[in-house]
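Residues in the sequence shown are numbered from 937 upward in steps of one, following the working numbering. A short worksheet on the structure shown next.
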Amino acid sequence: MLEALKGFVMKKILVAVDGSTHADHALRLSADLAEKYQAELLIVHVVDDKPLANEERHLADVEFGERMKSLGIKETEEALAGYGAAGLGGYLRSQSDRNSAIKQILGEELLLRAKDDVGELDGAKSQTILLFGDPAEQILQAAESNDANLIVIGSRGLSDLKGLWLGSVSHKVSNLSSINVVTVR
C-alpha cells in the first residue's frame, strides 16, 4: 500500500477515532504513515447528539464518577429526586445536559488514550481535536479547515443498527471527501 502512495505529498493526516477496533487499526496505520512521511497527525473524535447508550453511561459512572461530580453532574436518581413530580421537563433537560457532558468526558478520554497509543512520532507531531455534531460532516469539515491531505478512518465504528440503513460514517466520508480516504478494517 505504501508503494501506491509513492510521490504523494502528505503534510497532514486526519484520523478519526471512536474506540472501535477498526478505528484502533486506523490510528496505528495513520501513525505509521505520519512517521514515514513526516506528516502532522490530527487525531479527531466527534461527539454526536445520539442518546447515550447504557454502556456509555455505566462506563462514565465507573471510570469518571469523581470527575463528573466535580463538574456538578448528578446520578440519574439523584437528579430526578431534585425535580419532584411536576418537574419532569426540568429533569429531561438536566438529563440531556448530563448526557452531553458524559459524551464530552468520554470523548476527551478517548483522545487522550489515542494520543498515548501513538506516543512520540519520529519526526512528526500529533494533536487531538474534539468536535461536536454529525460525525461524517465534522470529519470532512475538520479535514478541510486543517488542510489535511489524507483521511484515515475505520470501516465500521461503534454505530447502531440505524447506521446500517443510513450508511456508515466511513461510507459517507469516502463518498463526500475531496481528498484521499483510506478505510481500514
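Virtual Cβ for every residue (Gly too), placed ideally from N, Cα, C.
- Asp-1083 is classed as exposed because its beta carbon has fewer than 16 other beta carbons within 10 Å across all chains shown.
- Distance check between Asp-1058 and each of Met-946, Ala-970 and Leu-965 places Ala-970 closest, using alpha-carbon atoms only.
- Per DSSP, Leu-1057 lies in no beta strand (DSSP E) and is assigned neither H nor E.
- Under DSSP, Phe-1068 shares a beta bridge with Val-983.
- Residue environment: Gln-1074 is assigned as buried (16 or more neighbouring CB atoms within 10 Å of its CB, all protein chains considered).
- Assignment of Asn-990 by DSSP, reduced to helix, strand and coil, places it in the helix class.
- In the pairwise beta carbon analysis, the stretch 947 to 957 is classified as touching the stretch 969 to 989: at least three pairs are separated by under 8 angstroms.
- Using a C-beta cut-off of 8 angstroms, the stretch 1108 to 1117 makes no contact with the stretch 976 to 993, since fewer than three inter-stretch Cβ pairs fall below that distance.
- Closest in C-alpha terms to Ala-962, from the list Ser-1113, Ala-1078, Asn-1111 and Leu-1086, comes Leu-1086.
- Counting only the Cα atoms, Ser-1091 lies some 26 angstroms from Glu-1056.
- Proximity to Gly-955 across Phe-1000, Glu-1044, Ser-1036 and Ser-1081 peaks at Glu-1044, based on C-alpha coordinates.
- Residue pairing of Gly-955 in beta bridges, as defined by DSSP: absent, with no partner found.
- In this structure Lys-1108 is buried. Its beta-carbon is surrounded by 16 or more other beta-carbon atoms within 10 angstroms.
- Closest in C-alpha terms to Leu-988, from the list Leu-1047, Val-953, Leu-1042 and Ala-967, comes Leu-1042.
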